[in-house]
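Visitor:
Chains as they are written, first to last, in the numbering used here: chain A, 541 to 899; chain B, 541 to 899.
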């Protein structure tokens, strides 16, 4: 059996060869922005980093050497006052979750498009405000689910949509990492429930959730869940480890785990009536993704060139803006994850199966 | 890093080189007995099949050619009357689940040891009777969890016990197969709730359950679950597909799936604080098992000689009897699975987290 994967990493979304350049202001200059986003944009065909926006002027100034295109380093306050707004077309929001909303508000006011990190915000209410803001505005807001432009995930979605593994029946997915070894700071914002809304479900659990939604092309209707913690640093936020089941229409289920206190690992698997597709490793930009399909008793391992997930995401976002295409996932899509994660925490508290609210 | 796996398939339980031979009566001559058990015993060092016991004399007689050691073919009724009892030392019970109890009763009465297929029985009450019978008797009853003598599973247990992957945090496990393609009979006993007690949790789901218990060396305390069915053949029994979460003490969890209506697949994974051990394929005798460990960012794939799981199990059982060692897993151990599966069905019905009763 042949799978049509000669062009595994082809950007199936790309219609224009040279659509131009989008100038981006990076909001929040933490390690992800410095070590992942800015380097990815340097490799990007359609994006330049031109402005850095930080709560600390020192942090912003220090980072200006990370790309030759950077023209301005300003504070959050200066950003909200519209400073340097002539120097960027769009913003990338990578602050703690609970600070996303005001930056989206200012961007909408200034007429700047938005690539907003996931989760959209720290609470459903604040995320809902982002959805309302976008609905009433001409700016484009994309939620930064880099899995949706990851070639392995897009090919898995095609495999499922084409019926190559029959009807999907069950999903397994995990994303885990040792957070306190990576960032040995007990005061980091992910451990502050007011800033993050949750440590593990919100930061890692949404990869299984959103990837399952994207690959199955279905939204879950109910969840079962349990969160726990071992380390004292997770006492305020509660969820160091999370195990949850997503229940989709038609009896499809996803058995998911996430942990900020375990070995770095990730996988995503869909078992169907006629076969199986597995991505492993799945979710980390820093680990080469693996892809395999099993059908008819045979297993096919697909070797493919790895891409930088952040470059793919920025290029996709910019390509949409430059070609007048609505970028996806939009705020409405991201909001379903917020509702799902709220249901996960609720199911955990109540020890019950909880239905996911619709908007 | 070196793993001490030169003797991966070494029978770490074997103390005697040539302990003798146990003569076994096979009870229930369905496809598993004919195609798996009897051939496995032919390869076994310490077991001979000497008697076949079937509900149908024709079925028993037809199978006598499967091994040269077979001396008698008798009916269930004849067995209960003690016929041919001088020709066997122990019985292997491989009938529909709801028929296990009377054979164990007769074996106890006749002073014959028992290897009883899992699940022990179709209901907790009947399984409880088996536990009571064994407690009051000198015969040994072992529940036939072939995973506990599968070398890959035993090595995984050692890896966990030695702390090589740190503290276990999360387990993923699945076992699925297309039952109606394998046995295209809508009247088969697995689909009759009175005979099976359940189609998928009872027949396949107990592999994830029991293997998690064995490898973690812990018993679950609560479960969350959902079962569903697509095909009309599963309407009476209910569970064509099952997804369930086992909650262990200390916050360890196992995200499990099982399906009688999906692609044949199985895996078992433990993610710990310092690493991960994965068995894939895991549970089918007919598929070569795979074994790998990841620690310190490195992945080690262990290639090892495959064994016949049924031969291992029969030899282990016989070796215990011949050396005066109590075989394990015993009825008490198997009963915890019965309680766990009852809790799974209960959690499904009630849409709640359900605590597992203790005896």
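A virtual CB, placed ideally from N, CA and C, is assigned to each residue, including glycine.
This structure is a prediction, so every number in the text was calculated from the model and none was measured.
Taking its Cβ as the centre, do 16 or more other Cβ atoms sit within 10 Å of residue 882(B), making it buried, or is it exposed?
Guide: buried
Visitor: Classify residue 712(A) as helix, strand or coil using the three-state DSSP reduction.
Guide: strand
Visitor: Mind listing the chain A neighbours of residue 814(B)? Cutoff is C-beta to C-beta under 7 angstroms, in chain order.
Guide: 803
Visitor: Contact between the segment 704–715 of chain A and the segment 638–652 of chain A is defined here as three or more beta-carbon pairs at a separation below 8 angstroms; is this criterion met?
Guide: no
Visitor: Sorted by chain position, which residues of the same chain lie with C-beta nearer than 6 angstroms to residue 875(B)'s C-beta, five sequence neighbours on each side aside?
Guide: The answer, listed in chain order, is 667 and 671.
Visitor: Would you say residue 781(B) and residue 794(B) are within 9 angstroms of each other, going by their C-beta atoms?
Guide: Going by C-beta atoms, residue 781(B) is not nearer than 9 angstroms to residue 794(B).
Visitor: Could you give the distance in angstroms between the alpha-carbon of residue 567(B) and the alpha-carbon of residue 848(A)?
Guide: Cα to Cα, the separation comes out at about 59 angstroms.
Visitor: Looking at chain B, is there any beta carbon in it that lies within less than 9 angstroms of the beta carbon of residue 766(A)?
Guide: yes
Visitor: Counting only C-beta atoms, is residue 710(B) closer than 9 angstroms to chain A at any point?
Guide: Yes, residue 710(B) counts as interfacial toward chain A.
Visitor: Can you name the residues of chain B whose CB is closer than 7 angstroms to the CB of residue 880(A)?
Guide: None at all; the shortest Cβ gap to chain B is about 16 angstroms.
Visitor: Under 9 angstroms Cβ-Cβ, which residues of chain B neighbour residue 750(A)?
Guide: Correct list: empty, because the minimum Cβ distance to chain B is about 18 angstroms.
Visitor: To the nearest whole angstrom, what separates the beta carbons of residue 855(B) and residue 586(B), a pair I think is in contact under 8 angstroms?
Guide: 5 angstroms
Visitor: Spell out the partners DSSP gives residue 831(A) in its beta bridges.
Guide: 819(A) and 842(A)
Visitor: Is it a yes or a no for the segment 786–800 of chain B touching the segment 755–766 of chain B, going by three-plus beta-carbon pairs under 8 angstroms?
Guide: yes
Visitor: With DSSP as the reference, please indicate the residues paired to residue 798(A) in a beta bridge.
Guide: 715(A) and 782(A)
Visitor: On the premise that residue 662(B) lies in contact with residue 744(B), defined as a C-beta separation below 8 angstroms, what is that separation, rounded to the nearest angstrom?
Guide: About 15 angstroms separates the two Cβ atoms, so there is no contact after all.
Visitor: From residue 698(B) to residue 688(B), what does the alpha carbon distance come to, in whole angstroms?
Guide: 12 angstroms
Visitor: Under the DSSP definition of a beta bridge, which residues are partnered with residue 892(B)?
Guide: 892(A)
Visitor: Please list the segments of the beta strand (DSSP E) lying wholly inside the segment 584–640 of chain B, counting only runs of 3 or more residues, in order along the chain.
Guide: Correct list: 587–594, 612–615 and 630–633.
Visitor: Taking a cut of 8 angstroms between CB atoms, which residues from the segment 714–743 of chain A lie near chain B?
Guide: 714, 716 and 718
Visitor: Please tell me whether residue 874(A) has its Cβ less than 9 angstroms away from any Cβ of chain B.
Guide: no
Visitor: What's the call for residue 541(B), buried or exposed, on a 16-neighbour Cβ count within 10 Å?
Guide: At residue 541(B) the pLDDT is 43, less than 50, meaning the model places this residue with poor confidence; the figure from the coordinates comes in the next sentence. With fewer than 16 other Cβ atoms within 10 Å, it is exposed.
Visitor: Using beta-carbon positions only, say whether residue 878(A) and residue 660(A) come within less than 9 angstroms of one another.
Guide: yes
Visitor: Which residues bound the alpha helix (DSSP H) around residue 674(A)?
Guide: For residue 674(A), the enclosing alpha helix (DSSP H) starts and ends at 664–675.
Visitor: Which full runs of the beta strand (DSSP E) of 3+ residues lie inside the segment 842–892 of chain B, going along the chain?
Guide: none
Visitor: Short of 8 angstroms in beta carbon distance, which residues of its chain neighbour residue 804(B), apart from the five on each side in sequence? Order them along the chain.
Guide: Excluding residues within five positions, the ones whose Cβ falls inside 8 angstroms are 716, 717, 718, 824 and 827.
Visitor: Could you check whether residue 857(B) and residue 867(B) sit closer than 9 angstroms to each other, using their CB atoms as the reference points?
Guide: Yes. Within cutoff.
Visitor: Taking three-plus beta-carbon pairs below 8 angstroms as touching, is the segment 810–819 of chain A in contact with the segment 829–839 of chain A?
Guide: Judged by pairs of C-beta atoms under 8 angstroms, the segment 810–819 of chain A touches the segment 829–839 of chain A, as three or more such pairs exist.
Visitor: Apply the 10 Å Cβ neighbour rule to residue 850(B) and answer buried if 16 or more other Cβ atoms are within range, or exposed otherwise.
Guide: By the neighbour-count criterion, in which 16 or more other beta carbons inside 10 Å mark a residue as buried, residue 850(B) falls on the buried side.
Visitor: Between the segment 612–619 of chain B and the segment 570–582 of chain B, do three or more beta carbon pairs fall short of 8 angstroms?
Guide: no
Visitor: Taking 9 angstroms as the threshold (C-beta atoms), are residue 565(B) and residue 593(B) in contact?
Guide: Cβ distance < 9 angstroms, so residue 593(B) and residue 565(B) count as in contact.
Visitor: Contact criterion: CB-CB distance below 9 angstroms. Does residue 893(B) meet it with respect to chain A?
Guide: Yes, residue 893(B) counts as interfacial toward chain A.
Visitor: Look at the alpha carbon of residue 839(B) and the alpha carbon of residue 891(A), and state the distance between them as a whole number of angstroms.
Guide: 37 angstroms
Visitor: Looking only at DSSP bridge pairs, what is residue 765(B) linked to?
Guide: 784(B)
Visitor: Does residue 770(B) get closer than 9 angstroms to chain A when you measure Cβ to Cβ?
Guide: For residue 770(B), the answer is yes, since a Cβ of chain A falls inside 9 angstroms of its Cβ.
Visitor: Of all the CB atoms in chain A, is at least one closer than 9 angstroms to the CB of residue 793(B)?
Guide: Closer than 9 angstroms: yes.
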